[in-house]
Every structure is written in C-alpha cells, then in structure tokens.
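Comments concern the structure below.
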Amino acid sequence: MISEQVRALERRGVAIPCPESVDIGSEVRPERIAGGVIIHTGSRILGEQTSIGPDCEIGAEQPAIVENCQLGRGVALKGGYFSGATFLDGSNMGSGGHVRPGTLLEEEANGAHTVGLKQTLLFPFVTAGSLINFCDAFMAGGTSRKNHSEIGSSYIHFNFTPHQDKATASLLGDVSKGVMLDQPPIFLGGQGGLIGPVRIAYGTVIPAGLICRKDILDKNKLFTPEPTAFREPEAFTMGMYRSINRIVINNLIYIGNIRALQAWYQFVRRRFLTVDPFGEAVYVGALGQLNAIVDERLERLKELSEKMPRSLEKARAALGGILPAVPYVQQQTLIDRWPELETRLAQGPPPGTGAAHRDSFLEHWEKISAATGYLKAIGSLGPEARAAGTSWLQAIVDSVASLWRSV
C-alpha cells in the first residue's frame with residue numbers, strides 16, 4: 011500500500027522508484043522536499059524540520075533514514091542513518107553513514123562508506139575515507155575537490171578520556187583563514203588517530219598508522235613522533251588531573267572559532283543561502299548546528315570544572331596533603347573562575363568585535379552578486395578583502411581565547 015505522504019511527494023515530482031517500500035513520516039511537510047529528488051527503495055524520511063533541496067538523492071547504495079536534516083542542492087546520502095545534521099550543496103556520504111546532531115558539512119565535503127560523525131564540522135572539499143569515527147572535531151583546508159584535506163580510512167578522533175570527560179574537541183585548521191578556501195590541505199593518514207583536544211595547522215601531514223597526542227601549530231610540517239623507550243607502567247588515579255591549561259585554552263579557541271563562524275554565516279553566508287526556501291532551511295539548520303556545538307562545548311567544559319574539586323582531593327591524598335603550585339593551582343583557578351567564564355562564554359564576543367575589519371570586508375563582498383555562487387564568490391576575492399575578513403574573524407576568536415590566562 012502506498013501512503014498519501016508518498017503520493018503527495020510523487021505529485022511534486024519526487025522520484026520514488028519503489029513507492030511501496032518508502033516511509034514518509036506524517037509530520038514531514040511535502041513542500042520541504044523539492045521536485046526532482048530521488049528517494050530509493052527502503053528509505054525513510056522523518057521529522058518536521060527535514061528539508062531536501064533540488065537534485066538530492068537518498069539511499070542509492072542502501073536504505074537511508076533521514077530525520078530532521080536540511081539538505082542543500084545536489085546532496086547524496088547513499089545509505090545509513092542521518093539525524094539532526096545539515097548538508098550544504100554537493101556534499102555527500104556513502105553507505106553505512108551514521109551522522110548525528112551538531113554536524114555541518116559544507117559544500118562538496120564528503121565521506122565514503124561507514125563514517126560516523128557527531129558534533130563535526132567539515133569545510134568545503136574535506137574528504138573522509140571509510141571506516142572512520144570523527145566526532146567532536148572541526149576540519150578545514152584545501153582549495154578544491156582535487157586539492158582537499160583528507161581523513162584517511164580507519165581514522166579515529168579519540169574524544170573520551172580515562173578521566174571520563176569529553177572536553178576534547180579538536181581544531182584542524184581554523185575559521186578565520188579557512189573560510190577563504192586558500193589554505194594548504196591537512197592530511198591524516200589512514201589507520202591513525204588524534205587524541206583530543208589538539209590543534210593542527212594547515213599543511214600538516216600525519217603519516218598513516220600514527221597517533222598524534224600534541225598540538226602542531228606550525229604550517230606545512232610532517233609529524234614524526236620521537237621514539238620512546240619502554241617504561242614500566244606508572245601509577246594512574248582516575249579523576250586525578252594534572253595540568254589543564256592546554257585543555258582549557260584549546261577548548262576556548264575552539265569555541266572562539268565557532269563564534270567566528272556564526273558571524274560569518276550571519277553577515278556573509280546568509281545572502282547566498284536564502285535565495286529560496288531550501289536554502290533558507292539550510293541557513294537556519296547551519297546556525298542551529300553552530301548553536302548546538304557551542305552548547306555542547308560549554309557543557310563539556312562545565313563537566314570538567316565540576317571534576318576539579320575531586321581531582322584536588324585525590325591529589326592531596328596521593329601527595330600527602332601538600333600540593334605543588336603547578337599544576338594544581340590551574341585546577342583551583344578553573345573552580346574559582348568557572349561561573350564567570352560560563353556566563354561570558356554563553357554571552358559570546360562583545361558586540362562590534364572586529365567591526366572595522368568586518369565592514370571593510372563586507373564592502374568588497376556585497377559587490378558580488380549572489381548569483382555568482384558562494385564558492386566562486388570566495389575565489390574572486392582579492393588580497394585586501396581576504397586580509398580584512400580574516401582579521402575580523404580572528405578578532406572574534408581572540409576575544410574568546412583571552413578569557414583564560416595561562417596559570
């Protein structure tokens with residue numbers, strides 16, 4: 011039996027080769043699915059927030075569940091489970107995908123089969139291989155589909171610590187330069203991993219099979235970890251932290267980059283996305299993902315701060331009651347400062363941060379017709395506009411990062 015929801019989509023010109031096998035939730039609004047979309051056998055479309063733009067294809071390799079997602083033009087979700095995520099024009103995921111909320115794939119970002127993403131932000135052209143778990147991470151870099159940042163097959167972003175916290179989001183590239191689509195790509199070799207939270211510079215190459223546990227802040231470097239001699243296992247006390255400066259700083263820099271991207275969408279992306287109802291849905295969805303990412307990072311930092319009193323108790327017990335200033339003063343500082351930090355991080359950067367550079371950039375940007383298309387418009391920017399845009403966004407990042415001083 012063919013449901014009335016399926017019939018309604020067929021009347022709109024949606025291609026459903028096997029309509030008896032397709033499930034369209036009663037809450038789905040048919041007008042939010044464009045004519046010309048293809049929905050293959052066994053697929054399910056759910057959620058009142060779902061919007062599927064022209065030329066999209068669902069379930070080409072295996073049945074797909076699409077729930078409360080927003081898809082731009084020409085998006086292909088080839089099979090798997092996709093919930094609460096946003097996909098910009100030309101992005102795609104292979105079969106076996108498992109994509110959850112807080113995920114935003116920009117233009118032509120893509121993954122092969124069996125890729126897991128959650129709280130993940132991939133800039134244009136970023137490519138993920140197969141059998142990957144890459145949650146709680148941002149990645150940029152590259153200039154085209156032929157010159158793109160790469161996550162090698164069987165790669166893992168390790169985002170859960172032995173202390174059972176997830177203040178571990180990693181930043182590969184950045185927003186302020188990454189939006190200009192002119193930075194060298196980042197290469198993560200297959201069967202490797204990152205221990206979050208790390209920051210990785212543009213042009214970094216991490217060879218296959220290696221685990222990276224450190225920040226790489228200089229561009230165009232080959233990661234070659236120093237060999238380590240065998241050491242006897244050391245004592246470990248779960249919940250007893252040591253230095254947390256780097257953890258807190260990397261988290262604030264990550265939040266600052268997301269705040270910068272929010273500004274970029276509001277002032278720059280909006281005009282190019284909101285040209286039709288499907289683009290409007292993607293714009294709203296993208297902002298929703300960025301808000302969710304900020305909320306998640308604040309929650310994870312709060313959880314970290316709440317672990318500090320117990321950490322200090324355990325340290326006093328282990329060290330005979332007398333704690334050295336470093337690193338334990340850092341933990342006490344986080345305890346003392348967290349209420350203020352939480353408030354200021356939730357409020358976002360002060361209004362007008364970087365406004366002079368922003369206005370200079372927008373003077374160039376607004377001369378470009380939205381009909382040009384976003385990727386071509388970015389490619390047409392001159393050095394002066396790029397420098398102004400980068401300075402504006404970096405000012406936002408810096409305003410957030412400066413809330414914590416190294417202790």
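Start counting at 1 in the sequence shown, then tack on 10, and there's your number in the numbering used here.
Every residue gets a Cβ at the ideal spot worked out from N, C-alpha and C, and that includes glycine.
Can you say whether Met318 is buried or exposed, counting buried as having 16 or more other CB atoms within 10 angstroms of its CB?
The count along the sequence shown starts at 1 and reaches residue 318 at position 308. Label assigned to Met318: buried.
Three-pair Cβ contact test at 8 Å for the segment 76-89 versus the segment 103-111:
yes
Would you decide whether Ile310 is buried or exposed? Buried here means 16 or more other CB atoms lie within 10 Å of its CB.
If you number the sequence shown from 1, residue 310 lands on position 300. The identity of residue 310 in the sequence shown is Arg, whereas the question assumes Ile. Looking at its Cβ environment, which holds 16 or more other Cβ atoms inside 10 Å, Arg310 is buried.
On a CA-only basis, which of Asp228, Arg54, Asp192, Ala147 is nearest Leu204? Give me that one, please.
For this step, residue 204 is matched to residue 194 along the sequence shown. The option with the nearest alpha carbon to Leu204 is Ala147.
Closer than 6 Å by C-beta to Met190: which residues in its own chain qualify, once you throw out the five before and the five after it? Chain order, please.
The sequence position of residue 190 within the sequence shown is 180, counting from 1. Counting only Cβ-Cβ distances below 6 Å, and skipping sequence neighbours, we find Arg396.
Give me the residue from Gly52, Phe92, Ala95, Gly213 with the minimum Cα distance to Gly152.
On the sequence shown, residue 152 is found 142 positions in, with the first residue counted as 1. Cα-wise, what sits closest to Gly152 is Gly213.
Drop a sphere of 10 angstroms on the beta-carbon of Leu283, count the other beta-carbons inside from all chains shown, and report buried for 16 or more, exposed for fewer.
Counting from 1 along the sequence shown, the entry for residue 283 is found at position 273. Leu283 is buried by the Cβ-count criterion.
According to DSSP, simplified to helix, strand and coil, what is Met248?
Counting from 1 along the sequence shown, the entry for residue 248 is found at position 238. Coil at Met248, not helix or strand.
Taking Phe197 as the reference, which of His173, Asp225, Asn157 has the closest Cα?
Translated into the one-based positions of the sequence shown, residue 197 becomes position 187. Residue Asn157 is the option with its Cα nearest to Phe197.
Judging by CA-CA distance, which residue of Gly200, Ile303, Ala177 is the nearest neighbour of Thr96?
Locating residue 96 in the sequence shown gives position 86, counting from the first residue. The residue with the shortest Cα to Cα distance from Thr96 is Ile303.
Per the DSSP calculation, Gly107 is bridged to which residue(s)?
Mapped onto the sequence shown, residue 107 falls at position 97. Answer is Gly90, bridged to Gly107.
Could you pull the start and end residues of the beta strand (DSSP E) that Ser36 belongs to?
Mapped onto the sequence shown, residue 36 falls at position 26. Run containing Ser36: none; DSSP gives neither H nor E here.
If you draw a straight line from the C-alpha of Gly100 to the C-alpha of Val292, how long is it?
The sequence position of residue 100 within the sequence shown is 90, counting from 1. The sequence position of residue 292 within the sequence shown is 282, counting from 1. The alpha-carbon atoms of Gly100 and Val292 are separated by roughly 13 Å.
Could you give the residue range of the beta strand (DSSP E) that holds Phe371?
As a first step, residue 371 must be located in the sequence shown, where it is residue number 361. Where Phe371 is concerned, there is no enclosing beta strand (DSSP E), although the alpha helix (DSSP H) it sits in stretches over 365-375.
Of the residues Gln201, Thr124, Glu313, Ala411, the one placed nearest Gln174, counting alpha carbons only
Start at 1 with the first residue of the sequence shown, and residue 174 comes out as number 164. Comparing Cα positions, the closest option is Glu313.
So, are the CB atoms of Ser159 and Asn267 less than 9 Å apart?
Reading the sequence shown from its first residue, position 149 is the one you call residue 159. Reading the sequence shown from its first residue, position 257 is the one you call residue 267. Not closer than 9 Å, so no.
What residue range is occupied by the uninterrupted beta strand (DSSP E) comprising Gly52?
If you number the sequence shown from 1, residue 52 lands on position 42. No beta strand (DSSP E) holds Gly52; DSSP gives it neither H nor E.
Would DSSP call Phe97 helix, strand or coil?
Position 87 of the sequence shown holds residue 97. Of the three classes helix, strand and coil, the one that applies to Phe97 here is strand, per DSSP.
Return the bridge partner residues of Leu232 from the DSSP annotation.
The count along the sequence shown starts at 1 and reaches residue 232 at position 222. Beta-bridge pairing links Leu232 to Val215.
Rounded C-alpha distance that separates Tyr338 from Gly249:
Mapped onto the sequence shown, residue 338 falls at position 328. Mapped onto the sequence shown, residue 249 falls at position 239. Whole-angstrom Cα-Cα distance: 13 Å.
Could you check which residue in Ser61, Gly289, Tyr275 has the C-alpha nearest to that of Phe92?
In the sequence shown, residue 92 corresponds to position 82, counting from 1. Out of Ser61, Gly289, Tyr275, Ser61 has the C-alpha closest to the C-alpha of Phe92.
What are the start and end residues of the alpha helix (DSSP H) that includes Ser315?
To locate residue 315, count along the sequence shown from 1; it is residue 305. 287-328 is the extent of the alpha helix (DSSP H) around Ser315.
Contact between the segment 244-261 and the segment 321-341: three or more CB pairs below 8 Å?
yes
Based on the DSSP secondary-structure assignment, which residues constitute the bridge partners of Thr130?
Taking the sequence shown and counting its residues from 1, one reaches residue 130 at position 120. Thr130 pairs with Ala147.
Is it buried or exposed, Asp369, if we count other Cβ atoms within 10 angstroms and call 16 or more buried?
As a first step, residue 369 must be located in the sequence shown, where it is residue number 359. Exposed, since its Cβ has fewer than 16 Cβ neighbours within 10 Å.
For the beta strand (DSSP E) containing Ala168, list its first residue and its last residue.
For the purposes of this step, residue 168 is taken as residue 158 along the sequence shown, with counting starting at 1. Contrary to the premise, residue 168 reads as Phe rather than Ala in this sequence. First-last of the beta strand (DSSP E) with Phe168: 166-168.
Give me the Cα-Cα distance between Leu56 and Glu41, rounded to the nearest whole angstrom.
Against the sequence shown, residue 56 aligns to sequence position 46. Against the sequence shown, residue 41 aligns to sequence position 31. Leu56 and Glu41: Cα-Cα distance of roughly 14 Å.
For Ile26, which option in Gly35, Glu37, Gly52 has the closest C-alpha, if you only look at C-alpha atoms?
Looking up residue 26 in the sequence shown gives position 16. Comparing Cα-Cα distances from Ile26 to each of Gly35, Glu37, Gly52, the minimum goes to Gly52.
Between which two residues does the beta strand (DSSP E) carrying Ala74 extend?
The residue given as residue 74 occupies position 64 in the sequence shown. Looking at the DSSP string, the run of the beta strand (DSSP E) that includes Ala74 is 74-77.
Through-space distance from Ala405 to Leu391, alpha-carbon basis
Here residue 391 refers to the residue found at position 381 when the sequence shown is read from its first residue. Here residue 405 refers to the residue found at position 395 when the sequence shown is read from its first residue. Distance between the alpha carbons of Leu391 and Ala405 is about 20 Å.
Coarse secondary structure for Gln80, derived from DSSP in three states
Position 70 of the sequence shown, counting from 1, holds the residue named residue 80. DSSP places Gln80 in strand when its eight states are reduced to three.
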